[in-house]
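Under the UniProt record's numbering, the letters of the sequence shown match residues 1 to 922, in that order. For glycine and all other residues, C-beta sits at the position ideal for the given N, C-alpha and C. Just below is one structure, and these are the notes that go with it.
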Amino acid sequence: MSAPSSSNPTQYDPLSAEAKWQQYWEENETFKADPNEGGDPFCVVIPPPNVTGSLHMGHAFESALIDTLVRYHRMLGENALWLPGTDHASIAVQTILEKQLASEGRNRYDVGREAFLEKAWQWKEESGGAIVNQLRRLGVSVDWSRERFTMDEGLSKAVIAAFKQLYEEGLIYRGNYMVNWCPASESAVSDVEVEKKEVDAHLWYFRYPLTDGEGFVEVATTRPETMLGDTAVAVNPQDERYKDLIGKTLRLPLVGREIPVIGDEYVDAEFGTGCVKITPAHDPNDFEMGKRHHLPLINIMHKNGSLNENAGEFEGLDRFEARKAVVKRLEAEGCLVKVENYKTTVPYSDRGKVPVEPLISTQWFVNIRPLADRALEFLDNQNQPVFVPQRWEKVYRDWLVKLKDWCISRQLWWGHQIPAWYVVSETEGEITDATPFIVAANEAEALAQAKTEYGESVQLVQDPDVLDTWFSSGLWPFSTMGWPEETADFKRYYPTTTLVTGFDIIFFWVARMTMMAGHFTGKMPFQTVYIHGLVLDENGKKMSKTAGNGIDPLVLIEKYGTDALRYTLIREVAGAGQDIRLEYDRKTDESASVQASRNFANKLWNAARFVMMNLEGKTPADLGVVAVEDLEESDRWILSRYYQVAAQTRNDLNQYGLGEAAKGIYELIWNDFCDWYIELVKTRLWQKDKEGDVSALRLRSVNASRLVAQQVLALVLDGILKLLHPFMPHITEEIWQTLTQSEGTSLARQKYPEADEALIDADLEAQFAQLIDTIRTIRNLRAIAEIKPGVQIRVILQTENSTEQEILTQGSSLIQMIAKTEAPKVCATLDEPMKQTIVGVTGTVQVLIPLAGVVDIGALRAKVEKDLGKIEKESQVLQKRLGNPGFVNKAPQDVVQGARDTLEQLQIQAQILRDRLKSLSD
1 MSAPSSSNPT QYDPLSAEAK WQQYWEENET FKADPNEGGD PFCVVIPPPN VTGSLHMGHA
61 FESALIDTLV RYHRMLGENA LWLPGTDHAS IAVQTILEKQ LASEGRNRYD VGREAFLEKA
121 WQWKEESGGA IVNQLRRLGV SVDWSRERFT MDEGLSKAVI AAFKQLYEEG LIYRGNYMVN
181 WCPASESAVS DVEVEKKEVD AHLWYFRYPL TDGEGFVEVA TTRPETMLGD TAVAVNPQDE
241 RYKDLIGKTL RLPLVGREIP VIGDEYVDAE FGTGCVKITP AHDPNDFEMG KRHHLPLINI
301 MHKNGSLNEN AGEFEGLDRF EARKAVVKRL EAEGCLVKVE NYKTTVPYSD RGKVPVEPLI
361 STQWFVNIRP LADRALEFLD NQNQPVFVPQ RWEKVYRDWL VKLKDWCISR QLWWGHQIPA
421 WYVVSETEGE ITDATPFIVA ANEAEALAQA KTEYGESVQL VQDPDVLDTW FSSGLWPFST
481 MGWPEETADF KRYYPTTTLV TGFDIIFFWV ARMTMMAGHF TGKMPFQTVY IHGLVLDENG
541 KKMSKTAGNG IDPLVLIEKY GTDALRYTLI REVAGAGQDI RLEYDRKTDE SASVQASRNF
601 ANKLWNAARF VMMNLEGKTP ADLGVVAVED LEESDRWILS RYYQVAAQTR NDLNQYGLGE
661 AAKGIYELIW NDFCDWYIEL VKTRLWQKDK EGDVSALRLR SVNASRLVAQ QVLALVLDGI
721 LKLLHPFMPH ITEEIWQTLT QSEGTSLARQ KYPEADEALI DADLEAQFAQ LIDTIRTIRN
781 LRAIAEIKPG VQIRVILQTE NSTEQEILTQ GSSLIQMIAK TEAPKVCATL DEPMKQTIVG
841 VTGTVQVLIP LAGVVDIGAL RAKVEKDLGK IEKESQVLQK RLGNPGFVNK APQDVVQGAR
901 DTLEQLQIQA QILRDRLKSL SD
């Protein structure tokens, strides 16, 4: 498909243009990477969104950041690959399917594993592509031909190879340990999938009687239901209050079980009463204490959070209903002493959104210490990876240091089934902790090994559990490149260059990838980790489903266009890792900040139309390269500004200063190019002297000046489109194709602008900045005095600075032309009294415009007096309100401060108007 033609309509339509170029880029494989091409590799793997997900503002922000970097490096001539894909999201998909089955009155066990997985794959094919299609709307420059899925054939092969290798190295083991159990998903979850939340709770105090009848001990707990599984009460052996109780026994209320009083240094004598109930099967600290004292493990809970047969009369109750019932019974039996309000931290399942239950369970674990230590060696000895901002390196390091063994098995069906087969012939199909098993790449391999070890009649059953999703995601940077095979992609693009991700995923994903990559490939998976902040709502709060304050990026795309949204998000980045705030009106789905970016796009569109209409149908190539000696002062100024910004943009992007780069390009395009340079060259473009009207020499001069203006306009427009392309790819592609009339190529594949140091003139830029500020001040004063646009005015420019005097004198013709003035008078001091004059100041230059004979002084005074009266009346109202103690003391603080700020602004405006009235006096 050739590049779509662009008719350069009078108004830019972002939706049609964006759809057109997204289709063109994909159909022409514009972003397809070739490992055989030259150029240094620049590779980024997309943080794979959940296949169940839909595009949210965090995705849009992250994708805009990544795409800006990738497009920039591609235009630098690097061999760029941005590899897309999605994560299979075990718990999320399983939850969706089980809800569907529940609506039919069935569960997964009713349909069986095979049918359930068929249903899962069908759902994935029909609904799982939503997030991918939405990402396409962002115009991301990914190589769609390399799209991966964590359960595709290649990645599944990598998962099995990694599991098998870790097992054979003794780093994966199976054991009966305490895990974080999520009753909602009925699966174990890892430590990083647990979120600690502070909640309002209660501390209940109960009496446990001594079996010798000598009294009782008092214990305090936040989880009364677990007392049904108590196997001891512990005290600190140094606690003088209870030393004599150690070795005695107690009668467990409601249950009647005799349990010992034990001494353990772990007990905090200051907590509660200093006596702690010990439930080894339902608390990690109690579990460790139970091992030290050889206490029995009594599990009182089913996997769904309800109580089991060990709970006696409370069997079948949900754990929180059981809590109420246990307290009620203990109170009835006289065992409840008191209840206190208590703030405590409760671990919640990140996926199931319910409190996790510490539970003894047989699971698969990774001995994580060797992997974490290897990642720490890379960090300490080779400074790999580099974190931007650097402060996140400490967070990453601390996490690696504190890591415990990783529980990798999940009691789900959707996911990578654990490649372990149990030999069940000797146990008649029942799998126990003692059942032998074989880890193999597939069932055939496992069966061959089992027959060798256990005989020909052996039967195998594969472990029903699946692996933690983060296990496969941890392999993502190299499994997507073809590992464990030495593919061309793996050799060329691995390790990847930059990972762009949020700080909230350092534990979940970044550390998993560095540990896995360090172990399996001997290299860190990326050179740099760029950590971005969050997109906050209009009130500065984190967006979340729970808070209901998310902003749908597709709504803003439909209203303003993709480029406008992308540019807004990037421009708001004040520095690497900083959160950004997106202004938004929820009643109208409008955003002033995104509207401003849409206005920027329109400004560029209109300026480009003006330029191309004045190029007389010629492309930049047709016009040729401008000769430096032919440049006029305004040409040299805009070229200096352009090359200065080109150099600064490269520097900013190389340092991950994306927000700074976006702002710099904006100033160049909106102010320097559109507002000033185009204005400065209009007379040169529009001079139409005909032969015979003037001398041949004059005619050649006019035509040469017009040609130079055209050449500079074409060069700078072409350049700013390239500078802006990584940020706003669609509109820049649309304009560039029309400007250059290119066929079969894309702006995305052009060279990024480089600075021509010989044409950067800081002194000239400073001179023009002085002139521009002066002209802007004159224009503002004209508007204030309501001087008609066509009226030529007298202006006096007073400054004692000799350098400024020289600049203003040399720029006199520009001031006359643009500000519509007579030849300005430039002076060091005012040698005449200034009456009926409006005055402005820029820097140390005083700008004066005599108004006599230019405007109706009386009418202008009347207008200023009317405006002043209105402001003074508003000020009096606010002063009265702020003088009222009832308002100041009772109104919300932000309302009071708002009133004070408004009053301050009104007082400033009033003083300006008074000064203006004074200047208009006779």
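message = Looking at L250: is its Cβ nearer than 9 angstroms to the Cβ of M227?
response = No, these two residues do not count as a Cβ contact at 9 angstroms.
inquiry  = Measuring straight from C-alpha to C-alpha, what distance separates T10 and R609?
reply    = Just so you know, the alpha carbons of T10 and R609 end up roughly 8 angstroms apart.
ask   = Buried or exposed: A662, going by 16 or more other Cβ atoms within 10 Å of its Cβ?
value = In this structure A662 is buried. Its beta-carbon is surrounded by 16 or more other beta-carbon atoms within 10 angstroms.
ask   = Since Y12 sits in a beta bridge, which residues does DSSP pair it with?
value = For Y12, DSSP assigns no beta-bridge partner whatsoever.
key: Contiguous beta strand (DSSP E) assignments of at least 3 residues, all confined to the segment 24–66   = Contiguous beta strand (DSSP E) elements confined to the segment 24–66 occur at 41–45, taking only those with 3 or more residues.
key: Residue closest to S145, alpha-carbon to alpha-carbon, out of V702, T30, K682   = With distances taken between Cα atoms, S145 lies closest to T30.
Outcome for D563 when other beta-carbon atoms lying within 10 angstroms are tallied against a minimum of 16 = Looking at its Cβ environment, which holds 16 or more other Cβ atoms inside 10 Å, D563 is buried.
inquiry  = Can you give me the C-alpha to C-alpha distance between L475 and A158, rounded to a whole angstrom?
reply    = CA-CA distance, L475 to A158, rounds to 8 angstroms.
request  = Tell whether a beta-carbon distance below 9 angstroms holds between L781 and I857.
outcome  = No.
inquiry  = Which same chain residues end up closer than 7 angstroms to Q648 when comparing Cβ atoms and leaving out the 5 residues on each side of it in sequence?
reply    = Taking Q648 as the centre and dropping the five residues before and after it, the same chain places the C-beta of G664 closer than 7 angstroms to its C-beta, in chain order.
task = For the alpha helix (DSSP H) holding I557, just list the boundary residues, first then last.
result = Per DSSP, I557 belongs to the alpha helix (DSSP H) from 553–560.
key: Of the listed residues W123, G154, L55, nearest to V132 (C-alpha basis)   = With distances taken between Cα atoms, V132 lies closest to L55.
task = Flag this pair as yes or no: are the beta carbons of I735 and L713 separated by less than 9 angstroms?
result = Going by C-beta atoms, I735 is not nearer than 9 angstroms to L713.
Status (buried if at least 16 other CB within 10 Å, exposed otherwise) for A271 = Correcting the residue type first, residue 271 is Phe in the shown sequence and not Ala. It is exposed - the Cβ of F271 has fewer than 16 other Cβ atoms within 10 Å.
Three-state class that DSSP yields for A188 in the structure shown = Of the three classes helix, strand and coil, the one that applies to A188 here is strand, per DSSP.
ask   = In the DSSP assignment, what residue or residues form a beta bridge with T528?
value = Answer is V386, T498.
request  = State the CB to CB distance for the pair P525 and P484, rounded to an integer number of angstroms; the pair is presumed to be in contact (CB under 8 angstroms).
outcome  = In fact, because the Cβ distance is near 15 angstroms, the residues do not count as touching under 8 angstroms.
task = Could you have a look at W483 and say whether DSSP puts it in helix, strand or coil?
result = Residue state, collapsed to three classes: coil.
Exposure label - K277; buried when at least 16 CB within 10 Å = By the Cβ neighbour-count rule, K277 is buried, with 16 or more other Cβ atoms within 10 Å of its own.
request  = Hey, could you find the ends of the beta strand (DSSP E) Y454 is sitting in?
outcome  = Annotation: Y454 is outside any beta strand (DSSP E); the continuous alpha helix (DSSP H) that includes it extends over 443–454.
request  = Please report how far the alpha carbon of L797 lies from the alpha carbon of Q846, in whole angstroms.
outcome  = Taking the straight line joining both Cα atoms gives about 6 angstroms.
Coil, strand or helix - Q798 by DSSP = In this structure, Q798 counts as strand in the three-state DSSP scheme.
request  = For F365, count neighbouring C-beta atoms within 10 Å of its own C-beta (all shown protein chains included) and say buried if the count is 16 or more, exposed if not.
outcome  = That one is buried.
key: Straight-line gap, V529 to S141 (C-alpha atoms, nearest Å)   = Distance between the alpha carbons of V529 and S141: 20 angstroms.
Beta strand (DSSP E) runs contained entirely in the segment 293–362, provided each spans 3 or more residues = Uninterrupted beta strand (DSSP E) stretches at least 3 residues long and entirely within the segment 293–362 occur at 336–349, given in chain order.
task = Give the DSSP-derived three-state secondary structure of P237 in the structure shown.
result = P237 falls in the coil class under three-state DSSP.
G869 - containing alpha helix (DSSP H), residue span = Segment 857–882, the alpha helix (DSSP H) holding G869.
ask   = Name the DSSP bridge partner or partners of Y422?
value = Here Y422 is bridged, per DSSP, to F437, V461.
task = List the DSSP bridge partners of L825.
result = Before going further, note that residue 825 is Lys rather than Leu in the sequence given. I796.
message = Starting from W414, trace the beta strand (DSSP E) in both directions and tell me its first and last residue.
response = Counting along the chain, W414 sits inside no beta strand (DSSP E), nor does DSSP assign it H or E at all.
inquiry  = Using DSSP's beta-bridge definition, name the partner residues of G617.
reply    = Paired residues: none, contrary to the question.
inquiry  = Measuring only the C-alpha atoms, how far is F673 from M543?
reply    = Each residue's alpha carbon lies about 37 angstroms from the other.
task = Use the C-beta contact count for M613: other C-beta atoms within 10 angstroms, 16 or more gives buried, fewer gives exposed.
result = Around the C-beta of M613, fewer than 16 other C-beta atoms lie within 10 Å, and the residue is accordingly described as exposed.
ask   = According to DSSP, which residues form a beta bridge with C407?
value = Under DSSP, the beta-bridge partners assigned to C407 are F365.
request  = Identify the continuous beta strand (DSSP E) that holds Q165 and give its terminal residues.
outcome  = Where Q165 is concerned, there is no enclosing beta strand (DSSP E), although the alpha helix (DSSP H) it sits in stretches over 153–168.
ask   = Which class does I815 belong to by DSSP, given the choice of helix, strand or coil?
value = The answer is helix: DSSP assigns I815 an H, G or I state.
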